[in-house]
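Asks: Pasting a structure below so you can have a look.
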């Protein structure tokens with residue numbers, strides 16, 4: 003305990019409050035925006051600051067987004083690289099630790115669908131992840147590893163991202179047609 007008191011406040015803030023794995027995970031993921039940013043990278047195929055800023059339904063502020071991207075990179079959930087098309091453009095991708103959040107995201111989606119009142123179109127992907135279970139999650143993680151880490155997935159594996167996106171677009175179409183009459 004005494005060693006913590008000798009640290010400057012900035013260093014003390016970077017130490018976890020306890021050795022509990024749940025506490026440590028909450029310290030990395032438990033703020034209002036981190037999981038939303040990871041969701042958009044993971045399920046929304048968004049890799050750039052501008053995409054994350056303008057395409058989020060929740061309307062994250064640019065300073066908050068910049069802070070969360072910095073935190074997620076520092077925590078080892080995202081990595082960043084320059085873009086050859088523009089020297090100031092940065093691409094954000096999931097790390098292996100970020101990819102391994104798929105089961106956590108699936109569980110959060112399942113819980114949200116069961117206990118809250120999400121829209122049909124925004125919960126259809128969570129429903130598919132719940133129905134597909136660990137086998138689907140593994141296939142999706144393989145696809146994310148290919149997309150974000152350059153690790154080829156098994157040949158002939160159907161695209162989970164494609165399935166999730168098609169279901170979302172179909173739900174959008176259904177809600178649009180039912181809203182009109």
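Numbering (this note's numbering), first residue to last: 3 to 183. Just so it is clear, CB atoms sit at the ideal spot from N, CA and C, and this is done for glycine as well.
#1: Taking the continuous alpha helix (DSSP H) assigned at residue 125, which residues delimit it?
#2: Cβ of residue 52 within 9 Å of Cβ of residue 101?
#3: Out of 70, 65, 159, which has the shortest C-alpha to C-alpha gap to residue 33?
#4: Hey, how far is the Cα of residue 106 from the Cα of residue 22?
#5: Would you give the residue range spanned by the alpha helix (DSSP H) that residue 2 belongs to?
#6: With a 10 Å radius around its C-beta and 16 neighbouring C-beta atoms as the bar for buried, classify residue 113 as buried or exposed.
#7: List the residues that DSSP assigns as beta-bridge partners of residue 83.
#8: By Cβ distance below 8 Å, which residues in the same chain neighbour residue 41 in space, the five residues on each side in sequence not counted?
#9: How is residue 117 classed by DSSP in three states: helix, strand or coil?
#10: Report the rounded CA-to-CA distance for residue 172 versus residue 57, giving the unit in angstroms.
#11: Using 9 Å as the threshold, is the C-beta distance between residue 96 and residue 79 below it?
#12: Going by DSSP, name the residue or residues bridged to residue 170.
#13: What is the rounded straight-line gap between the Cα of residue 25 and the Cα of residue 141?
#14: For residue 76, does the count of other Cβ atoms within 10 angstroms reach 16, so buried, or fall short, so exposed?
Replies: Let's see:
#1: 122–151
#2: no
#3: 70
#4: 17 Å
#5: Since the first residue of the chain shown is 3 and the last is 183, residue 2 is not available in this structure.
#6: exposed
#7: 93
#8: 107
#9: helix
#10: 19 Å
#11: yes
#12: For residue 170, which the question treats as bridged, DSSP gives no partner whatsoever.
#13: 29 Å
#14: exposed
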